[in-house]
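First comes the structure, then the notes that go with it.
2 protein chains.
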Amino acid sequence: MARPTMAIDDAGQGLDYGFLADRIGFLLRMASVINLAQLARDTPDKAHTSQRMSVLALVAANPGTSQVRLSEALRLSRPAATLAVDFWQERGCMERRVDPDDRRSYGLFLTPAGEALVPLFAEISREAEVSLRDRLTEAEAVELRRLLVKIID
Amino acid sequence: MARPTMAIDDAGQGLDYGFLADRIGFLLRMASVINLAQLARDTPDKAHTSQRMSVLALVAANPGTSQVRLSEALRLSRPAATLAVDFWQERGCMERRVDPDDRRSYGLFLTPAGEALVPLFAEISREAEVSLRDRLTEAEAVELRRLLVKIID
DNA sequence: TATTGTTATACTCTATAACTATA
DNA sequence: TATAGTTATAGAGTATAACAATA
Chain A
1 MARPTMAIDD AGQGLDYGFL ADRIGFLLRM ASVINLAQLA RDTPDKAHTS QRMSVLALVA
61 ANPGTSQVRL SEALRLSRPA ATLAVDFWQE RGCMERRVDP DDRRSYGLFL TPAGEALVPL
121 FAEISREAEV SLRDRLTEAE AVELRRLLVK IID
Chain B
1 MARPTMAIDD AGQGLDYGFL ADRIGFLLRM ASVINLAQLA RDTPDKAHTS QRMSVLALVA
61 ANPGTSQVRL SEALRLSRPA ATLAVDFWQE RGCMERRVDP DDRRSYGLFL TPAGEALVPL
121 FAEISREAEV SLRDRLTEAE AVELRRLLVK IID
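Structure, rendered in structure tokens:
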């Protein structure tokens, strides 16, 4: 039985994806790459990367959370979380407040400058989301989200 | 109406994902990160990264293809494709053959050493694929693949 | 002993700009 | 002029190991 000829992508101009065509993991990465590229195009300040926006959004939704919990939620190493928090703190958008109950850790909080960025980032990521969903019906988008959450949970 | 409390991830320990929970793009990235981590764990030689394995697999399936077509199919920049081909060529797994019809470009081919890696990589990526699909029914995996191809195409 | 966070280090990935060679 | 590929450069992301401070 012949492999179904799969033009995953017009840009591929008929390249055969071999065993990669059968790998959901590979397709996830390609879809994510496409979305990250769109998001980067939509973001005026190129230092505001997807990961850094995610960090800011997570602190916004969870004021006082710690770097460890941040790194676990985004599946980053602790050093990566340190650097991301450093980035926002240096720009006056995030604060580390000492936790009197556990002086090893910090509570993370947004400054007013950081809070002001949240709705902007929500809007930018909504735009990239629209170009993603444009290729799906509403029902398909709902189903895709459900399946992704099932994988991640 | 309150946002549905979404524990995307146990590791998040109840962190609220804020607007990220509504972004398929974010969920795609998280799912891909999980899969890439699993793939890296399953790969004995840590220099054999996901991207490099993809490059080898694509040349295996398309002997004689060029670096430009490779970069388009994997959505890499041309310099990134150059570096990936350099990597495999330095290790004796890939050859650049001059194309007599267009001496600007090379035809890419695997050496016997490169060919020997293809089934190994197919097996490694199949293992990571199994842990991904473990969380889905067969019908869900089929549907997820269909939706991802729709996004990528 | 274990945990939180930082620093040092190294490697991967990625892109843009400028370049050479060829078409 | 346009295309294929390379080099130079820089920045982003990532991880491990070793460390300090605290629990």
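Listed in order, the protein sequences are those of chains A and B.
If you read the first sequence in UniProt numbering, its first letter stands for residue 1, the second for the next number, and so on.
If you read the second sequence in UniProt numbering, its first letter stands for residue 1, the second for the next number, and so on.
From the three backbone atoms N, C-alpha and C, an ideal C-beta is built for every residue, glycine too.
When burial is assigned at 16 or more other CB atoms within 10 Å of the CB, is T137(A) buried or exposed? exposed
Residue ranges of each beta strand (DSSP E) within the stretch 17-59 of chain B, 3 or longer: none
Is DSSP giving L108(B) helix, strand or coil here? strand
For L20(A), which residues of its own chain have a beta-carbon under 8 Å away from its beta-carbon, when the five flanking residues on both sides are left out? F26
Tell me which residues of the stretch 128-141 of chain B have at least one Cβ-Cβ distance to chain A shorter than 9 Å, keeping chain order. A128, E129, L132, R133, R135, L136, E140, A141
For R75(B), decide whether its Cβ has a neighbour in chain A, counting only Cβ atoms nearer than 7 Å. yes
Bridge partner(s) assigned by DSSP for V98(B): Y106(B)
Interface residues of chain A around G64(B) at Cβ under 8 Å? Under the 8 Å cutoff, chain A gives no residues; its nearest Cβ is about 11 Å from G64(B).
Which bits of chain B does S32(A) rub up against, with CB to CB less than 7 Å? L28, R29, S32
Can you grab the Cα-Cα spacing for the pair G14(A) / R29(A), in whole Å? 19 Å
Who are the neighbours of A60(B) on chain A, taking C-beta pairs under 7 Å? G18
Euclidean distance between Cα positions of S125(B) and L144(A): 22 Å
If you follow the alpha helix (DSSP H) that P63(B) is part of, which residue opens it and which one closes it? Neither: P63(B) is in no alpha helix (DSSP H) and is coded neither H nor E.
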